[in-house]
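As structure tokens, the structure follows; a few thoughts come after it.
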Amino acid sequence: EFVYDPERVEKLKELSRARQKTLPEFIYLEENVSWIRKKRETKQLSLNLLNRISQKKKDEEGTKSLSERYKELAPQSFPFSRIKLQVVKDQTLKSLKARGEDSEPDKELSANGFEKPKSMDIRLHESLRIMVDWFELLGGQKVSQKALPL
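Count the sequence shown with the working numbering and you get residues 1 to 150, in order.
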């Protein structure tokens, strides 16, 4: 078991909370959660058909608006590259040969092997930011230490 410095962990939380107040993806996420919470807490519905239709249109517009805002975040996504470990490539090649199938080399995604995701993974982005913060806080020190036996 490994032990992490509680002061560093608290500093990482503080940095993350600060980002959550300012970055557009977190503002979107908060609005989305608020909208869903509001819908879930609605306990009364109108029996008037026109009112119900009007409410349904508002709900659809709200959903569409949130979806469009989420799509607008996609260009901010970090590029990624799909990789396969050599052991996986070797096993796949063996499997293809055993079945008598041709083995095709992996196709390149682009000139540098990276591609942009179609949507933003907000949690993954923040996880990567936290990792960067952590490495900056460490400044070359040990990442963790083994827990001392009690």
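The beta carbon of each residue, even a glycine, is placed where N, CA and C say it ideally should be.
Predicted model, so just to flag it, every value in this text is computed and none were measured.
Burial state of residue i (16 or more Cβ within 10 Å)
| i | result |
| --- | --- |
| Val3 | exposed |
| Glu25 | buried |
| Gly139 | exposed |
Close beta carbons around residue i, own chain, < 6 angstroms, minus the five adjacent residues each side
| i | result |
| --- | --- |
| Pro79 | Phe114 and Lys116 |
Cutoff 8 angstroms; reference residue i; Cβ partners in own chain excluding five residues on either side
| i | result |
| --- | --- |
| Ser119 | Tyr70, Lys71, Leu73, Ala74 and Ser77 |
Candidates the options, of which the one nearest residue i by Cα
| i | options | result |
| --- | --- | --- |
| Leu29 | Leu15, Asp5, Glu68 and Glu7 | Glu68 |
| Arg129 | Glu31, Ala98 and Arg17 | Arg17 |
Sequence-distant residues of its chain with Cβ nearer than 7 angstroms to residue i (five each side left out)
| i | result |
| --- | --- |
| Gln20 | Phe26 |
Exercise. Would you be able to state if there are at least three C-beta pairs under 8 angstroms between the stretch 57–69 and the stretch 32–48?
Key: yes
Practice problem: Inspect the CB distances between the stretch 112–128 and the stretch 85–99 and report whether three or more fall short of 8 angstroms. | Solution: no
Practice problem: May I ask you to verify whether the stretch 6–14 touches the stretch 46–54, counting CB pairs closer than 8 angstroms and requiring at least 3? | Solution: no
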